[in-house]
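Colleague: Let me give you the structure first, and then I'll get to my questions.
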Amino acid sequence: MSVNKVILLGRLGQDPELKYTPGGSAVCNFSLATTEAWTDKQGQKQEKTEWHRVVVWGKLAELCNQYLAKGRQAFLEGRLQTRSWDDKDGNKRYTTEILASTVQFIGGATASNNTQVDSSYNQAPAMGASNNQEYQVSNDAHFASDDIPF
């Protein structure tokens, strides 16, 4: 048995970047910063920020592009994935990223109609899954069903 699960709560370091594959699938990339703070033995406050590459596919990718922005906080769940490719000089390159299956947009930003969006969308976890994906929306008091863009 094995488990590959990532849970992050952090802030976006850049605006999301949305692209479409030749087959028409949406893919959104963004970086998420998580920060750990502690006090060292000398009583000095210390802080370390870790940057995470996040990849989101399908309708959830389009929603992330629409509602997330640099500085916005997001809570996500997904799995680690490592990819490799050859760069222009023929060197093998690797990157490890989080393939997000669920993203929750946390406070701060507003939709175009000035209604605060604070909702959770769940993407099917398997690549190549049916396009009939089920999206879960939280029962937040600041969220109305009219805010759902689909």
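Residues in the sequence shown are numbered from 4 upward in steps of one, following this note's numbering. All C-beta atoms in this analysis are idealised placements derived from N, C-alpha and C, irrespective of residue type, glycine included.
1. Here's the rule: buried if 16 or more other CB atoms are within 10 angstroms of the residue's CB, otherwise exposed. What is Pro-25?
2. For Ala-36 versus Gly-16, is the C-beta distance shorter than 7 Å?
3. Excluding the five sequence neighbours on either side, which residues of its own chain have a C-beta within less than 6 Å of the C-beta of Glu-20, listed in chain order?
4. Tell me the DSSP bridge mates of Ser-104?
5. First and last residue of the alpha helix (DSSP H) that includes Lys-48?
6. Rounded to a whole number of angstroms, what is the C-alpha to C-alpha distance between Ser-5 and Tyr-70?
7. Are the stretch 40-50 and the stretch 61-77 in contact at 8 Å, needing three or more beta carbon pairs?
8. Please report how far the alpha carbon of Met-130 lies from the alpha carbon of Lys-51, in whole angstroms.
9. Assign Gly-110 to one of two classes, buried (16 or more other C-beta atoms within 10 Å of its C-beta) or exposed (fewer than that).
Modeller: Here's the rundown:
1. As a first step, residue 25 is located in the sequence shown; it is residue number 22 there, counting from the start. Around the CB of Pro-25, fewer than 16 other CB atoms lie within 10 Å, so the residue is classed as exposed.
2. Position 33 of the sequence shown, counted from the start, is the residue given in the question as residue 36. Position 13 of the sequence shown, counted from the start, is the residue given in the question as residue 16. Annotated as proximal: Ala-36 and Gly-16, with beta-carbon spacing under 7 Å.
3. Within the sequence shown, the letter at position 17 stands for residue 20. Contacts found: Asn-32.
4. For the purposes of this step, residue 104 is identified with residue 101 of the sequence shown, where counting begins at 1. Bridge pairing for Ser-104: absent [DSSP].
5. Counting from 1 along the sequence shown, the entry for residue 48 is found at position 45. For Lys-48, there is no enclosing alpha helix (DSSP H); the residue is part of the beta strand (DSSP E) that begins and ends at 48-60.
6. Position 2 of the sequence shown, counted from the first residue, corresponds to residue 5. Position 67 of the sequence shown, counted from the first residue, corresponds to residue 70. Roughly 33 Å separates the two Cα atoms.
7. By the Cβ rule, the stretch 40-50 does not count as touching the stretch 61-77, because fewer than three pairs are nearer than 8 Å.
8. As a working note, residue 130 is residue 127 in the sequence shown. As a working note, residue 51 is residue 48 in the sequence shown. For Met-130, the predicted structure reports a pLDDT of 39, less than 50, and the residue's modelled location is therefore unreliable. A value from the coordinates is still provided. Each residue's Cα considered, the two are about 33 Å apart.
9. For the purposes of this step, residue 110 is taken as residue 107 along the sequence shown, with counting starting at 1. Gly-110 should be labelled exposed.
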